[in-house]
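What follows is a short report on a single structure.
Residue numbers (our numbering), protein chains in the order written: chain P, 828 to 1308; chain A, 104 to 184.
Written out as structure tokens, the structure is:
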């Protein structure tokens, strides 16, 4: 009797890329056996080592779950259609199969007790977590809560990629680090903290910048990659390496009070390039350092990434594949946008043109951006400026920072005109007078100096190193931020 | 017809508001809307190449036709981590 078996997209690559297969059988069990005999690669996805149907594989006859009929003994007749549904409808197959030699100690059984009594995790799921290898790219605002929860949950191998040291400005949101860690390499601290939290897991550290040279090699050993980076070049690199290796990329990104999260997995749905084919022009999108970020926000988005990672490992629920989750903290509102795979995507589309990793700094146009006009324009050091002001010279101080920065600190006697307002308010400035322009670090003010020079101001200089260097050289009571 | 435009992330600052109500002629497309917004706010031009547009929570291409009451979201990429 001819039975049609519908294969879910996640398993089609093991069934000759077919969505349906015809078999001859008189029961559900016979049909599945005939299927795996025809396509042996499917066997391990449908059956466990003991030859029993895996618990997350549901088989429907028409719209009836065969578990509620006669299970594998349910009779089928000519023309019937069986549908294989891994986990919950719409769910993805689990990324990790538990290694056969993995077991939990009594200490671990106690530690994970709340997971073990949860039907959708249970012993099988906890062993999957223990067998799983997850790589966190970035150990900052997103990476900190992410790594903490993955470690606590018992993800057996956690890799961390980062090359930064802990900075005072990190502590407002990067909850892996404490005040006394300032100045230490982040990964050294992270490894200590994660191992202290859960000594049963292995933490591997890669104290390096992720590059096109090392990405594929580092990623190769992991089941899931989680993107917690802070720049576009690395985000495109993470995406492309994941697509080339066929691995899921659990994505999160933040700005001020808003966050984005998704799961990009080219085998199952769209990738990051399907969403954003082109990077924004360099310098247009402010970073956390430039635009600010509410400290709790990466906690929300990073834990969403941790949750999605764990769901992928367990093969439970509906992952964020093909969906972009947008979070607005001020409104406390989640929105969801449907994403489609772009058939013309340069890396995961029908005719991919990117077949190896490229130069991502060039792609994002960031090469050479460091060479702002700071060195090109005429500068004055804070020490020299202080000496001349103390000598009673008449020097006009122009502060081009934002009003929020002005509230933090300012130089005595300065006038505030935020950078973007300078062109419209240029008439307020006296081009005959000697002028020193400053900002936080000397970068923005250098641009304004160049702008004013072009507009005919001859006696204008940039304060070298801005407020930061002023605080170091002249007046430590002026706070750095 | 009138559509409401929702600005995300930095585009709130660029457009100067989180929500903008825009009147368009019937049959106008997303591209027409963007052109209209760019005329009133030239700073938006440099953003649009990397910004994705969603209508009623679904991503659309520029030639999608708009309808009265549509909610058009402008979602620029963000990179913070």
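Virtual Cβ for every residue (Gly too), placed ideally from N, Cα, C.
is_contact[residue i, chain P] using C-beta, thresh 8 Å
i: residue 174(A); result: no
i: residue 182(A); result: yes
i: residue 167(A); result: no
i: residue 164(A); result: no
i: residue 149(A); result: yes
i: residue 134(A); result: no
i: residue 120(A); result: no
i: residue 107(A); result: no
i: residue 131(A); result: no
Test: residue i CB closer than 8 Å to a CB of chain A
i: residue 1165(P); result: yes
i: residue 1107(P); result: yes
i: residue 1082(P); result: yes
i: residue 1103(P); result: yes
i: residue 968(P); result: yes
i: residue 1062(P); result: yes
i: residue 1197(P); result: Note that residue 1197(P) scores 49 on pLDDT, short of 50, meaning its location in the model is unreliable and no value can be drawn from it.
i: residue 1192(P); result: no
i: residue 1120(P); result: yes
i: residue 1096(P); result: no
i: residue 917(P); result: Because residue 917(P) carries a pLDDT of 37, less than 50, the predicted location of this residue cannot be relied on, and the following value inherits that uncertainty. Taking Cβ atoms only, chain A never reaches closer than 8 Å to residue 917(P), which makes this a no.
Beta-carbon neighbours of residue i, restricted to chain A and to distances below 7 Å
i: residue 782(P); result: Residue 782(P) is absent from the structure shown; chain P starts at 828 and stops at 1308.
i: residue 1058(P); result: 182
i: residue 986(P); result: Result: empty, since nearest Cβ-Cβ is about 16 Å, beyond 7 Å.
Residues that residue i contacts on chain A, provided the C-beta gap is smaller than 8 Å
i: residue 1085(P); result: 111, 112 and 181
i: residue 1115(P); result: 183 and 184
i: residue 965(P); result: 184
i: residue 1055(P); result: 184
Buried versus exposed, by CB contacts within 10 Å (16 or more), residue i
i: residue 871(P); result: exposed
i: residue 909(P); result: buried
i: residue 942(P); result: buried
i: residue 1061(P); result: buried
i: residue 182(A); result: buried
i: residue 1021(P); result: buried
i: residue 173(A); result: buried
i: residue 945(P); result: exposed
i: residue 965(P); result: buried
i: residue 983(P); result: buried
i: residue 1233(P); result: exposed
i: residue 1288(P); result: buried
i: residue 1308(P); result: exposed
i: residue 1247(P); result: exposed
i: residue 1230(P); result: exposed
i: residue 1170(P); result: exposed
Under 9 Å from the C-beta of residue i: neighbouring residues of chain P
i: residue 160(A); result: 1162, 1163, 1164 and 1165
Per-residue contacts from residue i into chain A (C-beta, under 9 Å)
i: residue 1111(P); result: 113, 149, 150, 153 and 179
i: residue 1153(P); result: 111, 176 and 178
Near the ligand FMN: residue i beta-carbon under 7 Å from a heavy atom
i: residue 937(P); result: The ligand FMN is not part of this structure, which contains no ligands at all.
Any chain B beta carbon closer than 8 Å to residue i
i: residue 1063(P); result: Absent from the structure is chain B; the protein chains it does hold are P and A.
* Residue ranges of each beta strand (DSSP E) run of no fewer than 3 residues wholly in the stretch 967-1020 of chain P, ordered along the chain? -> 984-988
* Asked: Which runs of the alpha helix (DSSP H), 4 residues or longer, sit entirely within the stretch 868-938 of chain P?
  -> 870-873 and 933-938
* Asked: So does the stretch 1135-1151 of chain P actually touch the stretch 1007-1023 of chain P, counting three or more Cβ pairs closer than 8 Å?
  -> no
* Asked: What are the complete beta strand (DSSP E) segments, minimum 3 residues, inside the stretch 1026-1063 of chain P?
  -> 1029-1033 and 1051-1054
* To do: May I ask you to verify whether the stretch 1019-1031 of chain P touches the stretch 1050-1061 of chain P, counting CB pairs closer than 8 Å and requiring at least 3?
  => no
* To do: Would you be able to state if there are at least three C-beta pairs under 8 Å between the stretch 897-907 of chain P and the stretch 861-879 of chain P?
  => no
* Report yes or no: do three or more beta-carbon pairs, one from the stretch 1068-1078 of chain P and one from the stretch 107-124 of chain A, lie closer than 8 Å? => no
* Please determine if the stretch 926-936 of chain P and the stretch 1113-1131 of chain P are in contact, where contact requires at least 3 C-beta pairs separated by less than 8 Å. => no
* Asked: Taking three-plus beta-carbon pairs below 8 Å as touching, is the stretch 1205-1225 of chain P in contact with the stretch 1080-1099 of chain P?
  -> no
* To do: Could you tell me whether the stretch 1105-1112 of chain P touches the stretch 948-965 of chain P, where touching means 3 or more Cβ pairs closer than 8 Å?
  => no
* Asked: Which runs of the alpha helix (DSSP H), 4 residues or longer, sit entirely within the stretch 1155-1207 of chain P?
  -> 1187-1190
* Asked: Are the stretch 1183-1192 of chain P and the stretch 1225-1243 of chain P touching by the rule of at least three beta carbon pairs closer than 8 Å?
  -> no
* Given 8 Å as the limit, is there contact between the stretch 141-157 of chain A and the stretch 1278-1296 of chain P, that is, 3 or more CB pairs closer than that? -> no
* To do: Starting from the N-terminal side, write out each stretch of the beta strand (DSSP E) that is 3 residues or longer and does not extend beyond the stretch 1055-1113 of chain P.
  => 1076-1082 and 1085-1091
* Asked: Given 8 Å as the limit, is there contact between the stretch 129-136 of chain A and the stretch 145-154 of chain A, that is, 3 or more CB pairs closer than that?
  -> no
* **the stretch 1163-1181 of chain P in contact with the stretch 1142-1153 of chain P per 3-pair CB rule at 8 Å** => yes
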